[in-house]
Amino acid sequence: MAKNIVNKTQNEKLFVADVRQKVTFSIIESYKNIRTNVLSLMAKKNAKIIAISSPNASEGKSTTALNLAITLSQLGKKVLIIDADTHKPSLHRKLKIDNQIGLLELLLGKATLSEAAHAHNDFLDIITCNTSTPNPSEILGSEKFDELMQEFKENYDCIILDTPPVNPVADTLVIAQKIDLLILVVRASTTTYDAFKKTLKALKVLDLGVDGVIINGADPRPKSYYKSKYSYYKSSKYYY
Ligand SMILES: Nc1ncnc2c1ncn2[C@@H]1O[C@H](COP(=O)(O)OP(=O)(O)OP(=O)(O)O)[C@@H](O)[C@H]1O
Ligand SMILES: [Mg+2]
């Protein structure tokens with residue numbers, strides 16, 4: 021049994037950066053749209069393990085991963101979210117929980133699943149991460165990682181990995197070879213075409229593709245505005 025650190029129901033509210041920020045109808049609907057698309061991809065590909073990444077830092081990976089996990093758990097799916105960002109772990113801070121025992125301790129055999137998993141509500145468990153290892157990509161590339169994922173697949177309907185950005189560090193390229201679906205988050209105001217292209221190139225070298233792109237922070241102005249400004253995303257599937 022995981023430690024029940026937050027006594028919340030499956031009607032968990034979405035995460036927002038600022039407690040004063042309102043979770044609007046359009047935010048809730050956007051995440052439901054993302055959930056619908058992700059569930060469809062999962063069914064088509066018989067997939068359970070989803071990695072969320074982005075080209076560079078601060079594009080909304082962790083926020084998106086967390087809200088996707090919450091939204092999926094609201095359907096009664098048994099969901100596990102793992103902070104797999106050993107460089108800048110953040111889920112523990114966003115959820116105000118401890119990160120001393122988490123993914124790295126599991127991978128190094130220093131902890132058991134029941135010690136590392138925190139129950140956020142009846143349907144959502146969380147494994148945090150810390151920065152205690154100097155060689156994260158080796159650990160993430162280990163057989164132990166594969167064994168853990170196999171174990172998670174037997175216990176959860178969906179496993180979401182919040183990963184580091186692709187361009188500055190190698191970890192996500194390692195993780196991407198071991199998961200079922202890779203979804204990239206791009207931030208409407210900051211992600212450049214070059215950064216996005218660099219990510220796709222790095223994945224292509226390993227014969228890896230992207231299963232979906234989520235545009236974070238898109239302005240809800242009429243579509244024609246975006247058509248001209250963001251036409252370079254045309255060739256990719258996107259959800260928002
Ligand atoms: N759509 C948004 N509107 C406003 N603020 C946002 C939005 N998305 C993310 N943020 C804020 O931007 C910051 C970065 O978001 P987040 O931690 O989700 O990104 P990240 O890609 O995981 O970052 P990192 O690369 O550091 O792991 C946070 O302060 C978050 O609250
Ligand atoms: Mg993050």
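Just so you know, this note's numbering puts 167 at position 147 of the sequence shown, and the rest follows in order with no gaps.
C-beta atoms are modelled at their ideal positions from N, C-alpha and C, and glycine is treated no differently.
* Expressed to the nearest angstrom, what Euclidean distance is found between the alpha-carbon atoms of LEU144 and ILE47? -> 20 Å
* Cβ separation of THR148 and HIS107, assumed to be a contact under 8 Å, to the nearest whole Å -> Not confirmed; about 14 Å, so no contact.
* In chain order, what are the residues with a CB under 6 Å from some non-hydrogen atom of ligand 1? -> Per the Cβ criterion, the list is ALA37, SER74, ALA77, SER78, GLU79, GLY80, LYS81, SER82, THR83, ASP105, LYS108, SER110, PRO185, ASN236, GLY237.
* Name the residue from GLY232, THR212, ALA196 whose alpha carbon lies nearest to the alpha carbon of ALA222. => ALA196
* Spell out whether any CB of chain C is found under 8 Å from the CB atom of ASN76. => Protein chain content of the structure displayed is limited to a single chain, and chain C is not contained in it.
* What are the start and end residues of each continuous beta strand (DSSP E) run of 3 or more residues lying completely inside the region 83–132, in chain order? -> Qualifying beta strand (DSSP E) stretches, in chain order: 99–103.
* Asked: Looking at ASP182 and ligand 2, is the gap between the Cβ and the nearest heavy atom below 7 Å?
  -> For ASP182, the distance from the CB to the nearest heavy atom of ligand 2 is below 7 Å.
* Asked: Considering only the beta carbon of each residue, do ASN87 and PRO185 sit closer than 8 Å?
  -> no
* Asked: Rounded to a whole number of angstroms, what is the C-alpha to C-alpha distance between VAL36 and LEU124?
  -> 27 Å
* What number of angstroms, rounded off, separates the C-alpha of THR91 from the C-alpha of LEU226? -> 31 Å
* Asked: Taking the C-alpha atoms as reference points, what is the distance between LEU34 and GLN94?
  -> 10 Å
* **Reduced DSSP secondary structure (H/G/I, E/B, other) of VAL205** => strand
* Under 7 Å Cβ to Cβ from ALA67, same chain only, skipping five residues before and after it: list those, please. => LEU61, ASP200, LEU201
* Pull up the CB-CB distance for ILE234 and VAL205, whole angstroms please, since I reckon it's below 8 Å. => 5 Å
* **Three-state secondary structure (DSSP) of ASN141** => strand
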